[in-house]
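Going by the numbering used here, the first residue of the sequence shown is number 4, and it counts up by one from there.
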Amino acid sequence: MSDFTLPEDKAGRLERCALFYSDIVPHNHALGLKLLDIGPAEATVELPYADFLVGNPETGVIAGGAVTTLIDAACGSAVILKLGRIQPLVTLDLRIDYLRPARPHVPLIAVAECYRSTRQVAFVRALVHQGDKSNPVASAQGTFMRLEE
4 MSDFTLPEDK
14 AGRLERCALF
24 YSDIVPHNHA
34 LGLKLLDIGP
44 AEATVELPYA
54 DFLVGNPETG
64 VIAGGAVTTL
74 IDAACGSAVI
84 LKLGRIQPLV
94 TLDLRIDYLR
104 PARPHVPLIA
114 VAECYRSTRQ
124 VAFVRALVHQ
134 GDKSNPVASA
144 QGTFMRLEE
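Okay, here's the thing in structure tokens:
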């Protein structure tokens with residue numbers, strides 16, 4: 004992938020960004036993250052339920068670290084979509100408020116939006132839900148540093 008500029012059409016952008024979840028970022032692939040939908044500066048990413056992601060076998064709830072990875076991946080994708088080009092990013096800050104425990108055996112969906120980008124820093128917010136956006140599992144706010152122009 005020598006050209007890092009994203010295509011203008013939604014299908015092309017989705018296909019190019021989906022490579023992050025299958026080929027480029029092994030951690031995302033190992034967790035089973037799937038890029039479901041995109042917008043000009045938004046990404047919707049799913050974390051399917053899997054037994055190996057459970058933090059407490061008694062409750063069956065997915066571990067917080069897996070939820071954090073889901074949020075971080077969705078937020079990073081939203082930044083890339085806002086910039087219109089794939090480029091290295093570093094998470095500077097990611098604040099997550101867990102609002103309720105996730106239901107066992109139900110996938111988690113993160114919806115992230117990059118609402119502002121400067122020359123060096125991008126600002127993102129996200130919600131994680133399990134099918135009902137009005138009943139979120141977590142909310143997040145983050146900042147990401149761009150490593151190249």
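Cβ atoms here follow ideal geometry from the backbone N, Cα and C, with glycine treated the same way. Predicted model, so just to flag it, every value in this text is computed and none were measured.
Residue i lies in the alpha helix (DSSP H); which residues open and close that run?
{"i": "I112", "result": "It is not in any alpha helix (DSSP H) - I112 instead sits in the beta strand (DSSP E) that spans 111-120."}
{"i": "L17", "result": "13-22"}
I need the straight-line Cα distance from residue i to residue j, nearest angstrom please.
{"i": "R103", "j": "V131", "result": "11 Å"}
{"i": "N138", "j": "C117", "result": "22 Å"}
{"i": "T47", "j": "E61", "result": "29 Å"}
{"i": "L50", "j": "K37", "result": "7 Å"}
{"i": "L73", "j": "S142", "result": "12 Å"}
{"i": "S120", "j": "R19", "result": "21 Å"}
{"i": "V127", "j": "C78", "result": "6 Å"}
{"i": "I112", "j": "P10", "result": "25 Å"}
{"i": "T71", "j": "L97", "result": "9 Å"}
{"i": "M4", "j": "L34", "result": "Note that M4 scores 42 on pLDDT, short of 50, meaning its location in the model is unreliable; the coordinates nonetheless yield the value given after this. M4 and L34: Cα-Cα distance of roughly 23 Å."}
{"i": "Y101", "j": "H32", "result": "24 Å"}
{"i": "E45", "j": "A129", "result": "9 Å"}
Spell out whether any CB of chain D is found under 9 Å from the CB atom of residue i.
{"i": "I89", "result": "Going by chain labels, chain D is absent from the structure shown, which holds only one protein chain."}
For the beta strand (DSSP E) holding residue i, just list the boundary residues, first then last.
{"i": "V28", "result": "That residue, V28, is in no beta strand (DSSP E); it is neither H nor E in DSSP."}
{"i": "V127", "result": "124-132"}
{"i": "T8", "result": "Element bounds for T8: n/a, residue is neither H nor E."}
{"i": "L142", "result": "It should be noted that the sequence gives Ser, not Leu, for residue 142. Taken as a continuous stretch (DSSP letters only), the beta strand (DSSP E) holding S142 covers 141-149."}
Assuming residue i contacts residue j under a Cβ cut-off of 8 Å, what Cβ separation, rounded to an integer in Å, is found between them?
{"i": "L150", "j": "V93", "result": "6 Å"}
{"i": "F147", "j": "V124", "result": "7 Å"}
{"i": "Q144", "j": "R106", "result": "The Cβ separation is near 24 Å, so there is no contact."}
{"i": "I41", "j": "L84", "result": "6 Å"}
{"i": "Y52", "j": "V109", "result": "6 Å"}
Every unbroken beta strand (DSSP E) inside the segment 33-116 [3 residues or more]: 37-41, 45-50, 57-59, 92-101
Contact the segment 59-71 vs the segment 82-89: 3+ CB pairs below 8 Å: no
Given 8 Å, three or more beta-carbon pairs between the segment 44-63 and the segment 10-17: no
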